[in-house]
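A.B. asks: Below: one structure in structure tokens.
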Amino acid sequence: MGIKEACSEIVKITREKSPLVHNMTNYVTVNDCANAVLAIGASPVMADEIEEVRDMVSIASALVINIGTLNSRTIESMLAAGKRANELNIPVIFDPVGAGATPLRTKVSQRIMSEIKLAVIRGNMSEIKCVSGLASATKGVDAAEDDAAEDSGADIAVNLAKKLGCTVAITGAVDIISDGKRVCRISNGVADMSKITGTGCMTTSMTGGYVGACGKAYEGAVTAVAVMGISGEISLEQSRGTGSLRSGIIDSLSNMTPEIFLSRVKIDEESY
Amino acid sequence: MGIKEACSEIVKITREKSPLVHNMTNYVTVNDCANAVLAIGASPVMADEIEEVRDMVSIASALVINIGTLNSRTIESMLAAGKRANELNIPVIFDPVGAGATPLRTKVSQRIMSEIKLAVIRGNMSEIKCVSGLASATKGVDAAEDDAAEDSGADIAVNLAKKLGCTVAITGAVDIISDGKRVCRISNGVADMSKITGTGCMTTSMTGGYVGACGKAYEGAVTAVAVMGISGEISLEQSRGTGSLRSGIIDSLSNMTPEIFLSRVKIDEESY
Amino acid sequence: MGIKEACSEIVKITREKSPLVHNMTNYVTVNDCANAVLAIGASPVMADEIEEVRDMVSIASALVINIGTLNSRTIESMLAAGKRANELNIPVIFDPVGAGATPLRTKVSQRIMSEIKLAVIRGNMSEIKCVSGLASATKGVDAAEDDAAEDSGADIAVNLAKKLGCTVAITGAVDIISDGKRVCRISNGVADMSKITGTGCMTTSMTGGYVGACGKAYEGAVTAVAVMGISGEISLEQSRGTGSLRSGIIDSLSNMTPEIFLSRVKIDEESY
Numbered sequence: 000m001g002i003k004e005a006c007s008e009i010v011k012i013t014r015e016k017s018p019l020v021h022n023m024t025n026y027v028t029v030n031d032c033a034n035a036v037l038a039i040g041a042s043p044v045m046a047d048e049i050e051e052v053r054d055m056v057s058i059a060s061a062l063v064i065n066i067g068t069l070n071s072r073t074i075e076s077m078l079a080a081g082k083r084a085n086e087l088n089i090p091v092i093f094d095p096v097g098a099g100a101t102p103l104r105t106k107v108s109q110r111i112m113s114e115i116k117l118a119v120i121r122g123n124m125s126e127i128k129c130v131s132g133l134a135s136a137t138k139g140v141d142a143a144e145d146d147a148a149e150d151s152g153a154d155i156a157v158n159l160a161k162k163l164g165c166t167v168a169i170t171g172a173v174d175i176i177s178d179g180k181r182v183c184r185i186s187n188g189v190a191d192m193s194k195i196t197g198t199g200c201m202t203t204s205m206t207g208g209y210v211g212a213c214g215k216a217y218e219g220a221v222t223a224v225a226v227m228g229i230s231g232e233i234s235l236e237q238s239r240g241t242g243s244l245r246s247g248i249i250d251s252l253s254n255m256t257p258e259i260f261l262s263r264v265k266i267d268e269e270s271y
Numbered sequence: 000m001g002i003k004e005a006c007s008e009i010v011k012i013t014r015e016k017s018p019l020v021h022n023m024t025n026y027v028t029v030n031d032c033a034n035a036v037l038a039i040g041a042s043p044v045m046a047d048e049i050e051e052v053r054d055m056v057s058i059a060s061a062l063v064i065n066i067g068t069l070n071s072r073t074i075e076s077m078l079a080a081g082k083r084a085n086e087l088n089i090p091v092i093f094d095p096v097g098a099g100a101t102p103l104r105t106k107v108s109q110r111i112m113s114e115i116k117l118a119v120i121r122g123n124m125s126e127i128k129c130v131s132g133l134a135s136a137t138k139g140v141d142a143a144e145d146d147a148a149e150d151s152g153a154d155i156a157v158n159l160a161k162k163l164g165c166t167v168a169i170t171g172a173v174d175i176i177s178d179g180k181r182v183c184r185i186s187n188g189v190a191d192m193s194k195i196t197g198t199g200c201m202t203t204s205m206t207g208g209y210v211g212a213c214g215k216a217y218e219g220a221v222t223a224v225a226v227m228g229i230s231g232e233i234s235l236e237q238s239r240g241t242g243s244l245r246s247g248i249i250d251s252l253s254n255m256t257p258e259i260f261l262s263r264v265k266i267d268e269e270s271y
Numbered sequence: 000m001g002i003k004e005a006c007s008e009i010v011k012i013t014r015e016k017s018p019l020v021h022n023m024t025n026y027v028t029v030n031d032c033a034n035a036v037l038a039i040g041a042s043p044v045m046a047d048e049i050e051e052v053r054d055m056v057s058i059a060s061a062l063v064i065n066i067g068t069l070n071s072r073t074i075e076s077m078l079a080a081g082k083r084a085n086e087l088n089i090p091v092i093f094d095p096v097g098a099g100a101t102p103l104r105t106k107v108s109q110r111i112m113s114e115i116k117l118a119v120i121r122g123n124m125s126e127i128k129c130v131s132g133l134a135s136a137t138k139g140v141d142a143a144e145d146d147a148a149e150d151s152g153a154d155i156a157v158n159l160a161k162k163l164g165c166t167v168a169i170t171g172a173v174d175i176i177s178d179g180k181r182v183c184r185i186s187n188g189v190a191d192m193s194k195i196t197g198t199g200c201m202t203t204s205m206t207g208g209y210v211g212a213c214g215k216a217y218e219g220a221v222t223a224v225a226v227m228g229i230s231g232e233i234s235l236e237q238s239r240g241t242g243s244l245r246s247g248i249i250d251s252l253s254n255m256t257p258e259i260f261l262s263r264v265k266i267d268e269e270s271y
């Protein structure tokens, strides 16, 4: 079974299994993350209080950590939940939002990567370069133009994946996903998706759903990135601007089937 | 005047009175709660800082407490606001989101029920069973399938309503609302509403608006649950997926009239 | 160049420059604020942790402070970020949400106005009267009817603008913007915009984008208020209720051009 077929199967089983995804995420895009997780057939729960996160993650199939609006209280909760997830072999998906934009975000990202065993890291090129220890320009939470044009993305993804023993997903005009041995390039998606806040965060939370359902970090991440790209394409065809594009992406996610996935996906995989 | 007519009258007077609803709710669905409250003609305000919640609730017609993303800071604020509301005879509506999912949520729910006199509790079957002290399965913030199939819902609602001297609303495929003497069953709504986050939270916040306008806990809760169900039905007819279903629910709420209500509502009431 | 032409130019250059706007705002409308900032061509970032706000604001072109859901932690962060912005000559836009509704909001607003040099204050008539030290009715976060009918709006705006040396924007049925010397009246917009939460907050965040791009507080604020009003008008033509009105406003913002702006804007400016 090739990667396309494997991913289309994950689309299907996620609706059957409806895995619970514990999201510790930012208050900007959290509603879209919850609706995206529901739209792909999984079940979201949000909890960030230190007194309950260990309990909540224990009943979840995946934990998503997103530092988009981190604070001193939630940083400790994220670390506690991540460690508990590790003890229970529950996959942890990490989104280093804005790593490189401030020293705090860079430092917390490094702490999360060193103290928690991650299944997947997903970010834009500026963020992934930053957490890889490479020089990166940055502009808040969006990828810098110089970084977006980076042509050594596959090397960066492979190296970080090998270093951390996890899957790395770099999303951009062309998405690159690697587990250190395989490299996937996905060319679905439309430029206007960068004009909506949260397409990255949603992809990370959806990764939690897909990995939680199938138990495979690399395949789950590829599925999430491709499904988001395809949904953006379908939505753009019917949108009148970025407001309806956003709403339409959730529509398209909720309508996604293995058949639509296979007919639309543009994916290229190679060994590395 | 029967229950249908009483509720249709509440739909009308809420638009005339525009009661202020103080919402202490979660950061996942808060925007939808605010827009739902506005759509039914009431006015929402959100405040959770302990230094101001007593003042804010004092100018409100109802207080909504929703523990969807509770934390140690907001728990204390919720208790303080609830006690002040009690002193001023302002109705308090409680949504025990995720009760049973973690010990913290169960414990905080019990504390709120014992320290604050409630007008209405609204939850799904898993949550209401949990706060009733009954064994319940749970899966994050969604009702467990076993619980959703519970056929003793009326007994559970009546017993909790009598115990706390308040109205209990259990929402699901068929909604059950009781004040301990009357039991209402509402069969409006569509299954896809469970694929959007926040339909429950919105119903709770709308209950604040309706109860705040009419001063009657049971009738206000029945109105909120029925109006949400009807709005889901109307929205589904025009939706292309869960994104447009969500946006369409707010549309339908904003267009709701006593006439639409009476022509659509499916309600069955009996004494108990 | 008249004010209309100046504003239409700002619409254009904001898309070219894509200024970073650091938003410290409430969790109710934050997603709409982010999408509105993106829709006008600017780039939003949200950060409220005291350990990083000085760093984040340093890379931004404008700072937006909105006290819609203030708490003791974020108040300190707002003050710290504002002072750092002042040191770096980065314009600070302030939205005193709910000033007058509680003593805390009034007190914090006064503290922000006295400790931080502001570029723009934007609020409804109740809020601006409150922060001007005038008696104001208030109802949560919406303008009181008595205040909305205030006919001395220009005097109030001019006096506060002179006192603080900043631009004051009072939004309502007719919007009034003044820098102490000039007064602009804008009569775009539709009444239904008050039935959506966040049109005010979005206007404030958009002011951050426009002022950040052009460096002119008065012209930037006029542009934001007019663009929001025009977008509301366009959206209403295609909406089916307040849910689609909300989504349509983001659509219209994302489609805004200097040409649409010039053909639609209803603006009247006089010296004072």
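Residue numbers (numbering that gives the first Met the number 0), protein chains in the order written: chain A, 0 to 271; chain B, 0 to 271; chain C, 0 to 271.
Glycine residues also receive a C-beta, built at the ideal position from the N, C-alpha and C atoms.
Remember, predicted model here, so these are calculated numbers, not experimental data.
Can you look up threonine 166 (chain C) in the DSSP assignment and give me helix, strand or coil?
C.D. replies: Translated into the one-based positions of the third sequence, residue 166 (chain C) becomes position 167. If DSSP states are grouped into helix, strand and coil, threonine 166 (chain C) belongs with the strands.
A.B. asks: Which whole runs of the beta strand (DSSP E) in the region 38 to 86 of chain A are 3 residues long or more, in chain order?
C.D. replies: The region 38 to 86 of chain A contains these whole beta strand (DSSP E) runs: 42 to 45, 61 to 65.
A.B. asks: Nearest to alanine 80 (chain A) by alpha carbon, out of A:Ile115, A:Glu232, A:Ile195?
C.D. replies: Taking the first residue of the first sequence as 1, we reach residue 80 (chain A) at position 81. With distances taken between Cα atoms, alanine 80 (chain A) lies closest to A:Ile115.
A.B. asks: What does methionine 55 (chain C) touch in chain A if you count any residue whose Cβ is under 7 Å from its own?
C.D. replies: Along the third sequence, one-based indexing puts residue 55 (chain C) at 56. Within chain A, the residues near methionine 55 (chain C) are Ala100, Thr101.
A.B. asks: Note down the Cα distance separating alanine 118 (chain B) from valine 56 (chain B), rounded to an integer number of angstroms.
C.D. replies: Numbered from its first residue, the second sequence carries residue 118 (chain B) at position 119. Numbered from its first residue, the second sequence carries residue 56 (chain B) at position 57. About 15 Å.
A.B. asks: Going along chain B, which residues have a C-beta under 7 Å from isoleucine 69 (chain C)?
C.D. replies: Your numbering for residue 69 (chain C) matches position 70 in the third sequence. In the sequence as presented, isoleucine is not what sits at residue 69 (chain C); that position holds leucine. Per Cβ cutoff of 7 Å: Glu48.
A.B. asks: Quick check on threonine 28 (chain A): does DSSP put it in helix, strand or coil?
C.D. replies: Residue 28 (chain A) sits at position 29 when you count from the first residue of the first sequence. Note: threonine 28 (chain A) maps to coil in three-state DSSP.
A.B. asks: Does the Cβ of serine 151 (chain B) lie closer than 8 Å to at least one heavy atom of the ligand MN?
C.D. replies: As for the ligand MN, it is missing from this structure, which has no ligand bound.
A.B. asks: If I measure Cβ to Cβ from lysine 265 (chain A) and keep anything under 6 Å in the same chain, skipping five residues before and after, which residues do I get?
C.D. replies: Here residue 265 (chain A) is taken as the residue at index 266 of the first sequence, counted from 1. Hits under 6 Å: Ser186, Asn187.
A.B. asks: Is the region 209 to 217 of chain C touching the region 67 to 87 of chain C in the sense that three or more CB pairs, one from each, lie closer than 8 Å?
C.D. replies: No, the region 67 to 87 of chain C does not touch the region 209 to 217 of chain C.
A.B. asks: Measuring only between beta-carbons, confirm whether valine 167 (chain B) sits less than 9 Å from chain A.
C.D. replies: As a first step, residue 167 (chain B) must be located in the second sequence, where it is residue number 168. By this cut-off, valine 167 (chain B) is not an interface position.
A.B. asks: Quick one: give me the first and last residue of the alpha helix (DSSP H) that methionine 23 (chain B) is part of.
C.D. replies: Start at 1 with the first residue of the second sequence, and residue 23 (chain B) comes out as number 24. Note, methionine 23 (chain B): premise wrong, no alpha helix (DSSP H); beta strand (DSSP E) at 19 to 23.
A.B. asks: Answer yes or no: do isoleucine 229 (chain C) and methionine 255 (chain C) have a C-beta to C-beta separation smaller than 9 Å?
C.D. replies: Looking up residue 229 (chain C) in the third sequence gives position 230. Looking up residue 255 (chain C) in the third sequence gives position 256. Yes, the pair counts as a contact, with Cβ atoms nearer than the cut-off.
A.B. asks: Classify arginine 121 (chain B) as buried or exposed, calling it buried when 16 or more other Cβ atoms lie within 10 Å of its own Cβ.
C.D. replies: Start at 1 with the first residue of the second sequence, and residue 121 (chain B) comes out as number 122. Arginine 121 (chain B) is buried by the Cβ-count criterion.
A.B. asks: I'd like to know whether the C-beta of leucine 252 (chain B) is nearer than 9 Å to at least one C-beta of chain C.
C.D. replies: On the second sequence, position 253 is the one that residue 252 (chain B) refers to. Chain C contact via Cβ: present.
A.B. asks: Pull out every residue of the region 16 to 32 of chain C whose Cβ sits closer than 9 Å to any Cβ of chain B, in chain order.
C.D. replies: Within the region 16 to 32 of chain C, the qualifying residues are Asn25, Tyr26, Val27, Thr28, Val29, Asn30, Asp31.
A.B. asks: Work out the CA separation of alanine 100 (chain A) and aspartate 47 (chain A) for me, nearest whole Å.
C.D. replies: Position 48 of the first sequence, counted from the first residue, corresponds to residue 47 (chain A). Position 101 of the first sequence, counted from the first residue, corresponds to residue 100 (chain A). If I take the Cα positions, the gap works out to 23 Å.
A.B. asks: What residues match up with glycine 122 (chain C) in a beta bridge as DSSP calls it?
C.D. replies: As a working mapping, residue 122 (chain C) is identified with position 123 in the third sequence. In DSSP, glycine 122 (chain C) forms a bridge with C:Ile169.
A.B. asks: Reducing DSSP to helix, strand and coil, say where aspartate 174 (chain B) ends up.
C.D. replies: One-based indexing of the second sequence puts residue 174 (chain B) at position 175. Three-state result, aspartate 174 (chain B): strand.
A.B. asks: According to DSSP, what are the bridge partners of alanine 98 (chain C)?
C.D. replies: Working through the third sequence from its first residue, we reach residue 98 (chain C) at position 99. Alanine 98 (chain C) is bridged to C:Thr101.
A.B. asks: From B:Glu232, B:Ile259, B:Gly139, pick the residue whose C-alpha is nearest to that of serine 246 (chain B); which is it?
C.D. replies: Residue mapping note: residue 246 (chain B) aligns to position 247 of the second sequence, counting from 1. Closest by alpha carbon: B:Glu232.
A.B. asks: Using three-state DSSP, classify lysine 265 (chain B) as helix, strand or coil.
C.D. replies: Here residue 265 (chain B) is taken as the residue at index 266 of the second sequence, counted from 1. Lysine 265 (chain B) falls in the coil class under three-state DSSP.
A.B. asks: Along chain A, in chain order, which residues have C-beta atoms closer than 8 Å to that of isoleucine 195 (chain B)?
C.D. replies: Here residue 195 (chain B) is taken as the residue at index 196 of the second sequence, counted from 1. Here the neighbours are Asn34, Leu37.
A.B. asks: With distances taken between CB atoms, is the gap from isoleucine 92 (chain C) to glycine 199 (chain C) smaller than 9 Å?
C.D. replies: Taking the first residue of the third sequence as 1, we reach residue 92 (chain C) at position 93. Taking the first residue of the third sequence as 1, we reach residue 199 (chain C) at position 200. In this structure, glycine 199 (chain C) does not lie closer than 9 Å to isoleucine 92 (chain C) by Cβ.
A.B. asks: For arginine 245 (chain A), decide whether its Cβ has a neighbour in chain B, counting only Cβ atoms nearer than 9 Å.
C.D. replies: In the first sequence, the residue the question calls residue 245 (chain A) occupies position 246. Yes, contact with chain B.
A.B. asks: Is there a Cβ of chain A sitting closer than 9 Å to that of isoleucine 92 (chain C), yes or no?
C.D. replies: Counting from one through the third sequence, the residue named residue 92 (chain C) turns up at place 93. No, its Cβ sits nowhere closer than 9 Å to a Cβ of chain A.
A.B. asks: Please classify alanine 190 (chain A): is it buried, with 16 or more other beta-carbons within 10 angstroms of its beta-carbon, or exposed?
C.D. replies: Here residue 190 (chain A) refers to the residue found at position 191 when the first sequence is read from its first residue. The residue is exposed, with fewer than 16 neighbouring Cβ atoms inside 10 Å.
A.B. asks: In the DSSP assignment, what are the bridge partners of valine 91 (chain A)?
C.D. replies: As a first step, residue 91 (chain A) is located in the first sequence; it is residue number 92 there, counting from the start. A:Leu62.
A.B. asks: From A:Val107, A:Glu236, A:Ser262, A:Gly242, pick the residue whose C-alpha is nearest to that of asparagine 65 (chain A); which is it?
C.D. replies: Stepping through the first sequence from its first residue, residue 65 (chain A) is reached at position 66. Residue A:Val107 is the option with its Cα nearest to asparagine 65 (chain A).
A.B. asks: Contact between the region 6 to 23 of chain A and the region 172 to 185 of chain A: three or more CB pairs below 8 Å?
C.D. replies: Touching, no, given that fewer than three Cβ pairs across the two stretches are closer than 8 Å.
A.B. asks: Measuring alpha carbon to alpha carbon, tell me which of A:Ala225, A:Thr196, A:Leu261 ends up nearest asparagine 30 (chain A).
C.D. replies: As a working mapping, residue 30 (chain A) is identified with position 31 in the first sequence. Taking only the C-alpha atoms, the option nearest asparagine 30 (chain A) is A:Thr196.
A.B. asks: Work out the CA separation of threonine 24 (chain C) and valine 96 (chain C) for me, nearest whole Å.
C.D. replies: Position 97 of the third sequence, counted from the start, is the residue given in the question as residue 96 (chain C). Position 25 of the third sequence, counted from the start, is the residue given in the question as residue 24 (chain C). Taking the straight line from one Cα to the other gives about 10 Å.
A.B. asks: Closer than 9 Å, Cβ to Cβ, to anything on chain C: give me those residues from the region 203 to 215 of chain B, in chain order.
C.D. replies: Hits within the stretch: zero.
A.B. asks: Near proline 43 (chain A), what residues of its chain come up, given a Cβ to Cβ distance below 6 Å and the 5 sequence neighbours on each side ignored?
C.D. replies: In the first sequence, residue 43 (chain A) corresponds to position 44, counting from 1. Answer for proline 43 (chain A): Val20, Asn22, Ala33, Val36, listed in chain order.
A.B. asks: Run through chain B and tell me which residues come within less than 7 Å of methionine 227 (chain A), C-beta to C-beta.
C.D. replies: The sequence position of residue 227 (chain A) within the first sequence is 228, counting from 1. Correct list: empty, because the minimum Cβ distance to chain B is about 13 Å.
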